[in-house]
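Residue numbers (this note's numbering): 759 to 1009.
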(Lines of atoms letter the chains of each structure in order from A and count residues from 1; the text may use other names and numbers.)
(Lines give C-alpha, C1' and ligand atoms only; values in the text may rest on other atoms or scores of the structure.)
Protein backbone atom coordinates (compact mmCIF):
# COMPACT_ATOMS: atom_id res chain seq x y z
CA UNK A 1 0.00 0.00 0.00
CA UNK A 2 1.60 3.27 -1.17
CA UNK A 3 0.50 6.39 0.67
CA UNK A 4 0.88 10.11 -0.02
CA UNK A 5 0.52 12.69 2.72
CA UNK A 6 -1.62 15.68 1.81
CA UNK A 7 0.04 18.98 0.92
CA UNK A 8 -1.01 22.57 1.15
CA UNK A 9 0.39 26.05 0.65
CA UNK A 10 -0.61 29.09 2.68
CA UNK A 11 0.50 32.66 3.30
CA UNK A 12 1.81 33.76 6.68
CA UNK A 13 -1.00 35.31 8.73
CA UNK A 14 0.38 35.28 12.27
CA UNK A 15 -1.75 32.29 13.23
CA UNK A 16 -1.15 28.56 13.36
CA UNK A 17 -2.08 26.80 10.12
CA UNK A 18 -2.14 23.12 9.21
CA UNK A 19 -2.78 20.45 6.63
CA UNK A 20 -3.94 16.97 7.50
CA UNK A 21 -4.83 13.63 5.97
CA UNK A 22 -3.42 11.39 3.30
CA UNK A 23 -4.41 9.62 0.10
CA UNK A 24 -3.76 6.11 -1.11
CA UNK A 25 -1.66 6.23 -4.25
CA UNK A 26 -1.92 2.54 -5.04
CA UNK A 27 -2.64 -0.92 -3.62
CA UNK A 28 -1.01 -3.90 -5.28
CA UNK A 29 -3.97 -6.22 -4.64
CA UNK A 30 -7.43 -5.14 -5.77
CA UNK A 31 -9.03 -7.16 -3.00
CA UNK A 32 -7.41 -4.96 -0.40
CA UNK A 33 -8.99 -1.51 0.10
CA UNK A 34 -8.35 1.63 2.08
CA UNK A 35 -10.94 0.54 4.64
CA UNK A 36 -8.78 -2.41 5.59
CA UNK A 37 -6.22 -0.38 7.51
CA UNK A 38 -6.05 2.52 9.92
CA UNK A 39 -3.59 5.16 10.97
CA UNK A 40 -2.17 4.94 14.43
CA UNK A 41 -1.39 8.56 15.27
CA UNK A 42 -1.97 11.60 13.11
CA UNK A 43 -1.23 12.73 9.59
CA UNK A 44 -0.80 16.44 10.17
CA UNK A 45 1.69 19.21 9.53
CA UNK A 46 1.27 22.35 11.62
CA UNK A 47 3.14 25.63 11.71
CA UNK A 48 2.97 29.38 12.15
CA UNK A 49 6.10 31.00 10.72
CA UNK A 50 6.94 31.12 7.03
CA UNK A 51 8.79 27.90 6.23
CA UNK A 52 8.06 24.27 5.27
CA UNK A 53 6.58 21.83 7.78
CA UNK A 54 6.68 18.09 7.18
CA UNK A 55 4.11 15.59 8.40
CA UNK A 56 6.87 13.06 8.98
CA UNK A 57 4.59 10.18 8.10
CA UNK A 58 6.04 6.77 8.85
CA UNK A 59 4.97 3.42 7.42
CA UNK A 60 4.86 1.93 10.91
CA UNK A 61 1.95 4.24 11.75
CA UNK A 62 -0.34 2.27 9.44
CA UNK A 63 -1.97 -0.89 10.76
CA UNK A 64 -3.62 -3.70 8.79
CA UNK A 65 -7.02 -4.58 10.23
CA UNK A 66 -8.09 -7.23 7.71
CA UNK A 67 -7.32 -10.74 8.97
CA UNK A 68 -7.67 -12.11 5.44
CA UNK A 69 -4.29 -10.61 4.66
CA UNK A 70 -1.19 -11.57 6.58
CA UNK A 71 1.52 -9.75 4.65
CA UNK A 72 0.61 -6.12 4.12
CA UNK A 73 3.44 -3.69 3.52
CA UNK A 74 2.92 0.06 3.79
CA UNK A 75 5.13 2.56 2.00
CA UNK A 76 5.19 6.36 2.21
CA UNK A 77 5.41 7.40 -1.42
CA UNK A 78 5.58 11.08 -0.52
CA UNK A 79 5.42 12.77 2.85
CA UNK A 80 2.77 15.39 3.48
CA UNK A 81 3.79 18.98 4.05
CA UNK A 82 2.59 22.48 4.72
CA UNK A 83 4.39 25.36 3.03
CA UNK A 84 3.78 28.76 4.59
CA UNK A 85 5.01 31.49 2.28
CA UNK A 86 6.17 34.92 3.46
CA UNK A 87 3.55 37.64 3.36
CA UNK A 88 4.18 40.05 0.47
CA UNK A 89 4.25 43.75 1.31
CA UNK A 90 5.34 46.54 -1.04
CA UNK A 91 6.35 49.90 0.42
CA UNK A 92 6.76 53.03 -1.69
CA UNK A 93 8.00 56.41 -0.47
CA UNK A 94 7.48 59.65 -2.36
CA UNK A 95 9.80 61.42 -4.77
CA UNK A 96 9.68 65.21 -4.70
CA UNK A 97 11.64 68.39 -5.27
CA UNK A 98 11.25 72.08 -4.46
CA UNK A 99 13.17 75.32 -4.95
CA UNK A 100 15.46 76.29 -2.08
CA UNK A 101 13.54 78.08 0.69
CA UNK A 102 15.75 77.38 3.71
CA UNK A 103 13.47 74.70 5.15
CA UNK A 104 13.80 70.90 4.93
CA UNK A 105 11.85 68.96 2.34
CA UNK A 106 10.35 65.81 3.86
CA UNK A 107 7.74 63.37 2.61
CA UNK A 108 7.09 60.92 5.46
CA UNK A 109 4.06 59.15 4.02
CA UNK A 110 4.57 55.64 2.68
CA UNK A 111 2.19 53.78 0.38
CA UNK A 112 1.65 50.25 1.65
CA UNK A 113 0.45 47.54 -0.72
CA UNK A 114 -0.47 44.34 1.09
CA UNK A 115 -0.42 44.53 4.84
CA UNK A 116 1.39 43.50 7.97
CA UNK A 117 -0.24 41.25 10.55
CA UNK A 118 -1.88 43.38 13.24
CA UNK A 119 0.55 44.43 15.94
CA UNK A 120 3.70 43.18 14.23
CA UNK A 121 4.56 46.60 12.76
CA UNK A 122 3.66 49.75 14.66
CA UNK A 123 4.79 52.39 12.17
CA UNK A 124 6.02 52.73 8.61
CA UNK A 125 7.46 56.10 7.65
CA UNK A 126 9.91 57.71 5.26
CA UNK A 127 12.71 59.64 6.97
CA UNK A 128 14.45 61.36 4.06
CA UNK A 129 15.19 65.08 4.50
CA UNK A 130 16.97 67.59 2.28
CA UNK A 131 17.48 71.34 2.71
CA UNK A 132 20.27 72.44 0.36
CA UNK A 133 21.05 72.04 -3.32
CA UNK A 134 24.53 70.80 -2.39
CA UNK A 135 23.07 67.67 -0.80
CA UNK A 136 22.05 66.43 -4.26
CA UNK A 137 19.38 63.73 -4.31
CA UNK A 138 18.64 62.24 -0.91
CA UNK A 139 17.02 58.82 -0.59
CA UNK A 140 13.62 58.99 1.08
CA UNK A 141 14.51 56.03 3.30
CA UNK A 142 11.67 53.80 4.51
CA UNK A 143 11.87 52.80 8.17
CA UNK A 144 9.78 50.05 9.72
CA UNK A 145 9.16 50.14 13.46
CA UNK A 146 8.84 46.54 14.55
CA UNK A 147 6.19 45.48 17.01
CA UNK A 148 5.74 42.35 19.05
CA UNK A 149 6.25 39.01 17.25
CA UNK A 150 7.69 40.60 14.10
CA UNK A 151 10.07 38.38 12.17
CA UNK A 152 11.58 39.62 8.94
CA UNK A 153 11.58 36.08 7.53
CA UNK A 154 7.77 36.03 7.68
CA UNK A 155 7.56 38.82 5.12
CA UNK A 156 8.69 39.45 1.60
CA UNK A 157 9.14 43.21 1.77
CA UNK A 158 9.82 45.17 -1.39
CA UNK A 159 10.87 48.78 -0.95
CA UNK A 160 10.63 51.45 -3.62
CA UNK A 161 12.37 54.42 -2.03
CA UNK A 162 11.88 57.81 -3.62
CA UNK A 163 14.34 60.68 -3.96
CA UNK A 164 14.17 64.18 -2.49
CA UNK A 165 16.06 67.15 -3.86
CA UNK A 166 16.32 70.93 -3.75
CA UNK A 167 16.53 73.04 -6.89
CA UNK A 168 18.24 76.41 -7.21
CA UNK A 169 16.36 79.69 -6.80
CA UNK A 170 16.10 81.17 -10.29
CA UNK A 171 14.77 84.59 -9.28
CA UNK A 172 17.34 87.37 -9.34
CA UNK A 173 18.90 88.39 -6.03
CA UNK A 174 20.41 91.85 -5.69
CA UNK A 175 23.10 92.46 -3.07
CA UNK A 176 24.00 96.05 -2.29
CA UNK A 177 27.45 96.74 -0.84
CA UNK A 178 29.05 99.87 0.53
CA UNK A 179 32.71 100.31 1.38
CA UNK A 180 33.59 101.63 4.82
CA UNK A 181 34.31 105.34 5.16
CA UNK A 182 36.38 107.39 7.59
CA UNK A 183 37.57 110.93 8.03
CA UNK A 184 40.74 112.14 9.78
CA UNK A 185 42.76 115.34 10.06
CA UNK A 186 46.10 115.60 8.29
CA UNK A 187 48.96 114.81 10.66
CA UNK A 188 51.70 113.82 8.28
CA UNK A 189 51.14 110.12 8.89
CA UNK A 190 49.51 107.56 6.58
CA UNK A 191 45.89 106.63 7.34
CA UNK A 192 43.60 103.99 5.93
CA UNK A 193 40.09 102.53 6.11
CA UNK A 194 39.26 98.94 5.26
CA UNK A 195 36.31 96.67 4.74
CA UNK A 196 32.74 96.96 3.55
CA UNK A 197 29.24 96.22 4.67
CA UNK A 198 26.24 94.67 2.99
CA UNK A 199 23.50 97.26 3.18
CA UNK A 200 20.71 95.31 1.51
CA UNK A 201 19.83 91.87 0.11
CA UNK A 202 16.64 91.63 -1.93
CA UNK A 203 15.92 88.01 -0.92
CA UNK A 204 15.92 87.22 2.80
CA UNK A 205 17.01 83.64 2.07
CA UNK A 206 20.35 84.88 0.75
CA UNK A 207 22.91 85.37 3.52
CA UNK A 208 26.10 87.39 3.86
CA UNK A 209 28.14 84.19 4.13
CA UNK A 210 27.00 83.32 0.60
CA UNK A 211 29.18 86.15 -0.75
CA UNK A 212 32.69 85.58 -2.01
CA UNK A 213 35.23 88.40 -2.24
CA UNK A 214 38.57 88.75 -3.97
CA UNK A 215 41.07 91.56 -3.93
CA UNK A 216 41.28 94.33 -1.35
CA UNK A 217 38.74 96.66 0.22
CA UNK A 218 41.05 99.45 1.36
CA UNK A 219 41.57 103.17 0.90
CA UNK A 220 44.74 104.77 2.20
CA UNK A 221 46.69 108.02 1.99
CA UNK A 222 48.89 110.53 3.78
CA UNK A 223 48.28 113.93 2.22
CA UNK A 224 45.02 115.79 2.69
CA UNK A 225 42.48 114.61 0.14
CA UNK A 226 39.91 111.93 -0.63
CA UNK A 227 41.05 108.39 -1.34
CA UNK A 228 38.71 105.86 -2.98
CA UNK A 229 38.64 102.13 -2.33
CA UNK A 230 37.60 101.59 -5.93
CA UNK A 231 35.47 98.61 -5.00
CA UNK A 232 33.78 96.97 -7.98
CA UNK A 233 30.91 94.53 -8.30
CA UNK A 234 33.26 92.13 -10.08
CA UNK A 235 35.17 91.60 -6.83
CA UNK A 236 32.10 89.92 -5.34
CA UNK A 237 30.74 86.53 -6.30
CA UNK A 238 27.98 84.13 -5.32
CA UNK A 239 29.33 80.99 -3.63
CA UNK A 240 25.96 79.45 -2.77
CA UNK A 241 24.70 76.56 -4.89
CA UNK A 242 21.15 77.47 -3.86
CA UNK A 243 20.99 80.55 -6.11
CA UNK A 244 21.67 80.96 -9.82
CA UNK A 245 21.23 84.70 -10.45
CA UNK A 246 22.91 87.03 -7.97
CA UNK A 247 23.79 90.61 -8.89
CA UNK A 248 26.17 92.71 -6.82
CA UNK A 249 25.87 96.50 -6.70
CA UNK A 250 28.54 98.69 -5.10
CA UNK A 251 27.25 102.04 -3.89
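All C-beta atoms, glycine included, are put in the ideal place defined by N, C-alpha and C.
This structure is a prediction, so every number in the text was calculated from the model and none was measured.
Proximity below 8 Å, CB of residue i to CB of residue j
| i | j | result |
| --- | --- | --- |
| residue 812 | residue 801 | no |
| residue 817 | residue 834 | yes |
| residue 935 | residue 966 | no |
| residue 832 | residue 785 | no |
| residue 977 | residue 985 | yes |
Buried versus exposed call for residue i [16 or more other C-beta atoms within 10 Å across all chains shown]
| i | result |
| --- | --- |
| residue 884 | buried |
| residue 964 | buried |
| residue 946 | exposed |
| residue 795 | buried |
| residue 982 | exposed |
| residue 989 | buried |
| residue 929 | exposed |
| residue 815 | buried |
| residue 827 | exposed |
Span separating the alpha-carbon of residue i from that of residue j
| i | j | result |
| --- | --- | --- |
| residue 998 | residue 919 | 28 Å |
| residue 791 | residue 777 | 24 Å |
| residue 915 | residue 856 | 30 Å |
| residue 854 | residue 896 | 10 Å |
| residue 773 | residue 810 | 15 Å |
| residue 913 | residue 865 | 25 Å |
| residue 871 | residue 901 | 15 Å |
| residue 830 | residue 768 | 35 Å |
| residue 968 | residue 910 | 47 Å |
| residue 846 | residue 766 | 18 Å |
Closest Cα partner of residue i within the set the options
| i | options | result |
| --- | --- | --- |
| residue 1001 | 905, 962, 854, 979 | 962 |
| residue 839 | 958, 779, 900 | 779 |
| residue 899 | 887, 893, 881 | 887 |
| residue 882 | 850, 798, 992 | 850 |
| residue 987 | 798, 938, 861 | 938 |
Meets three-Cβ-pair contact criterion under 8 Å: the segment 866-885 and the segment 903-912:
The segment 866-885 is in contact with the segment 903-912.
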